[in-house]
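In order, the protein sequences belong to chains L and W. So the first sequence is residues 1 to 359, counted in this note's numbering. So the second sequence is residues 1001 to 1359, counted in this note's numbering.
2 protein chains.
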Amino acid sequence: MLPQAGPLRWRNVVDTPAVLIDLDVVERNIRRCQEQCDKLGVTVRPHIKTHKLPLLAHAQLAAGAVGITAQKIGEAEVMADAGIDDILITYNIVGERKLGRLRRLADRCRLSVVADSASVIEGLARAFANARSEIGVLVECDTGMQRCGVLTPEEALKLARLISDTPGLRFAGVMTYPAPGQGNAASEWLDDAARLIREAGIETQTVSGGGTPDLYAMKRHASLTEYRPGSYIYNDRSLVAAGACGVEDCALTVLTTVISSPARGRTIVDAGTKVLTSDLFGMSGYGMVLERADCSVISLNEEHGRIEYASEQAPVVGELLRIVPNHACVVSNMVDSVHLVRGEYYVRAEPVAARGQIT
Amino acid sequence: MLPQAGPLRWRNVVDTPAVLIDLDVVERNIRRCQEQCDKLGVTVRPHIKTHKLPLLAHAQLAAGAVGITAQKIGEAEVMADAGIDDILITYNIVGERKLGRLRRLADRCRLSVVADSASVIEGLARAFANARSEIGVLVECDTGMQRCGVLTPEEALKLARLISDTPGLRFAGVMTYPAPGQGNAASEWLDDAARLIREAGIETQTVSGGGTPDLYAMKRHASLTEYRPGSYIYNDRSLVAAGACGVEDCALTVLTTVISSPARGRTIVDAGTKVLTSDLFGMSGYGMVLERADCSVISLNEEHGRIEYASEQAPVVGELLRIVPNHACVVSNMVDSVHLVRGEYYVRAEPVAARGQIT
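Encoded structure:
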């Protein structure tokens, strides 16, 4: 499905800094996730925020995903433009402009959103009262992440009732984004909520969990029907640190050039926060240098990455170094295009179609 | 020079999250910087990485700047396309592709770059050996930032000699980006280097310092001829914290909508790291909420900003809050367009023409 490599090596093609995506690793990661979810008895609805590429969304669907997840309407619009017809937006949609876009989007794909308050549901109700298409609405549950979401299964039931009773809205189930490491506990929370809602006579089609950190540590749950992992397709240094994957499973790397080795033990590369971002995820350092285990990316400015190295051998100006970033999703958002590769070989540049979609 | 506001209030025009730029504040900041540099007897060469907008680069030039500073060739190309004809790229240019672009760029503007090693100078020498246009080269000096730059004035002299002796290259002077708070010490370092180079009989046209953090704390220096501030045009929370400006001097704010107030004391807005970035600059929290002094932006995910508030009054879903970010420059790089405003009134959307220029 995904394109093959040509005869050129990326080393001779790509200018730096650049984001490389190894499709061999991507294909392996997609397969592994699908197998795991098949084993858990849940469908996969990958979050496209990690790659923001229609090409890879289609590859995920071809491997068995039932649809995709997006965070913003703009991302969903780009994916609908690319022919993807089943989209869940896991975000409270607030404001008349966005609600108008949502109504138009529902006319061209099977669309669901989430809500965690009566206020959000009222907005959806206004927008879809006389709409051509209905919209699925899941209740977002705070199972420990302390972000959005209702705080108790009882509150989830209350909102489920409100959605069920609202013309134009279809109650579609419950969802959560679990705090990393709490995927199983979060699913028990959802079990309770789903039981309560079903006992009240309300059909609860989807019980949706997610998150790559817990994907391979999940067990079967009574109610869980769907899993929404995102980062698994690329993986990153934070997931290696969490034990969720190995370095060889990291499909996204940042190719950099050494531009200065001004002092013993210190070298500067041409990737800073404008590519790697400042995301630390509780770790120290801003990435892992693949070519040299003795290197630490100790600090970043916008266009400079400062690397300290332990060995006697200083990196030479012009040398290429690849960095596995702390957090792959945010790196995709920094660049207009990524470079698809397979091993040492170049495939092509691919525009990051859903980059920068903030509304 | 800069456009005036229309009759509409931005509150009724702009969808969130959005980056607002108040041109009234911008004009005041440009004027204040120019006056300070006039007083110090140095020319201004603003760094456009903060705004990435030809419109504001032209406003800086109209106010008296002698040219602009850019960090990457891509930024310089965008500015040259917009008719700006004096550009300094404060970055080691390494690699044949980039050197080719640099040579072509030198044909259409007065262009300078920096170098901190013989290796970088050799690359420039190859590229400009038979070029139509010469290029100015300044020696980058590490005066305490511990990033790029030669470590001693003696090394600076050595590279100045090498540049002077190389056909196609014009030795243009010395430059530094000082560690914040060390602007005056850095200028003394440059004084020493400039004296050494002049004593060797090499003309040293430009002695260039920079940085907004020290701009208003600078004193006159024997050799300093040029100052390259960037952030002063927008300012941000880090500069307020450093005492370099007041909150009322911050021209860039991020407009957000409250999307959830799920628990007492906690509210969620629709701006996360995809707009505000993870830059902390040693502070705690990710921004300052203008409308509510009791609010702290305690953490961000990609699309969520988590705010804790002390008062009894919970922000309401749909409410607009403006956030002064920790670091304005990186916020400009996250969005395809910013919204120009004057006070409460809307001017227009402006594409961030030099956004995402990483090479």
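We put the CB at the ideal spot given by N, CA and C, even for glycine. The model shown is predicted, which means the values in this text are computed figures rather than measured ones.
Just measuring C-alpha positions, the residue of L:Gly272, L:Gly305, L:Arg266, L:Gln357 sitting nearest Gln313 of chain L is L:Arg266. For Glu303 of chain L, the nearest beta carbon of chain W is closer than 8 angstroms to its own beta carbon. The CB of Cys1250 of chain W never comes closer than 7 angstroms to any CB in chain L; the least such distance is about 19 angstroms.
For the stretch 147 to 169 of chain L, the set of positions with a beta-carbon nearer than 9 angstroms to some beta-carbon of chain W reads Arg147, Cys148, Gly149, Val150, Leu151 in chain order. Checking the DSSP bridge columns, you'll see Asp1279 of chain W has no partner listed.
Within chain L, the C-beta atoms nearer than 8 angstroms to that of Asp1015 of chain W come from Gly95, Arg97, Lys98, Thr359, in chain order. As a beta-bridge residue in DSSP terms, Leu252 of chain L pairs with L:Ile21. Secondary structure within the stretch 126 to 211 of chain L: the beta strand (DSSP E) runs of 3 or more consecutive residues, fully enclosed, are 135 to 140, 169 to 175, 206 to 210 (chain order). Pairwise C-beta distances place the stretch 1119 to 1130 of chain W in contact with the stretch 1162 to 1169 of chain W, as three or more of them are shorter than 8 angstroms. Chain-order list of chain W residues neighbouring Ile268 of chain L: Arg1147, Cys1148, by C-beta distance under 7 angstroms. Contact note: Lys52 of chain L does not reach chain W at a C-beta cutoff of 7 angstroms; the least C-beta distance is about 11 angstroms. For Gly173 of chain L and Lys1274 of chain W, the gap between their C-alpha atoms comes out near 28 angstroms.
When CB distances to chain W are screened at a threshold of 8 angstroms, not a single residue of the stretch 199 to 228 of chain L falls below it. Across the structure, Val1316 of chain W and Ala118 of chain L are spaced so that their CA atoms are roughly 12 angstroms apart. Taking a Cβ-Cβ cut-off of 7 angstroms, the neighbours of Tyr1091 of chain W in chain L comprise Glu303, given in sequence order. Residue-level contact check: Asn1333 of chain W touches chain L, since one or more beta carbons of chain L fall below 8 angstroms from its beta carbon. For Cys245 of chain L, no beta strand (DSSP E) encloses it, and the DSSP letter there is neither H nor E. Pairing Ala1271 of chain W with Val1324 of chain W, the inter-Cα distance amounts to about 12 angstroms.
Leaving aside the five residues that flank Val330 of chain L on each side, the residues in its chain whose CB is nearer than 8 angstroms to its CB run, in chain order, Thr277, Asp279. Three or more Cβ pairs closer than 8 angstroms define a contact, and the stretch 1343 to 1353 of chain W falls short of that threshold against the stretch 1291 to 1298 of chain W.
Annotated three-state conformation of Asn1301 of chain W is coil, per DSSP. Listed in chain order, the non-local C-beta contacts of Tyr1091 of chain W below 6 angstroms within the same chain comprise Gln1071, local neighbours out to five positions each way being set aside. The alpha carbon of Val66 of chain L has as its nearest neighbour, out of L:Ala222, L:Val42, L:His221, L:Glu75, the alpha carbon of L:Val42. Within the same chain, Cβ atoms closer than 6 angstroms to the Cβ of Ala1106 of chain W are found at Ser1133, Ile1135, the five residues on either side in sequence being excluded. Contact note: Ser1117 of chain W reaches chain L through Ser260, Ser261, Pro262, Val317, using a C-beta cutoff of 8 angstroms and chain order. Looking only at W:Gly1343, W:Asp1038, W:Glu1077, W:Arg1355, the smallest Cα-Cα distance to Ser1337 of chain W is reached by W:Arg1355. Between the beta-carbon of Leu1088 of chain W and that of Thr1069 of chain W there is about 5 angstroms, and that keeps the pair under the 8 angstroms contact cut. Rounded to whole angstroms, Ala200 of chain L and Ile163 of chain L show a C-alpha spacing of 13 angstroms. By the rule that beta-carbons nearer than 8 angstroms mark a contact, Arg306 of chain L touches chain W. The stretch 1056 to 1096 of chain W contains, as complete alpha helix (DSSP H) runs of 4+ residues, the segments 1073 to 1081 (chain order). The criterion of a C-beta distance shorter than 8 angstroms is not satisfied by Ser1238 of chain W and Met1288 of chain W. Think of a sphere of 8 angstroms around the beta carbon of Gly1282 of chain W: no beta carbon from chain L falls inside it, the nearest being about 12 angstroms out. Under the 8 angstroms Cβ criterion, the stretch 209 to 223 of chain L does not count as touching the stretch 248 to 267 of chain L, having fewer than three qualifying pairs.
By the Cβ criterion, the stretch 1095 to 1110 of chain W is in contact with the stretch 1076 to 1085 of chain W, since at least three pairs of Cβ atoms, one from each stretch, lie closer than 8 angstroms. Sixteen is the threshold: when 16 or more other Cβ atoms of the shown chains lie within 10 Å of the Cβ of Val352 of chain L, as they do, the residue is buried.
Secondary structure at Cys1033 of chain W: helix, using DSSP grouped into helix, strand and coil.
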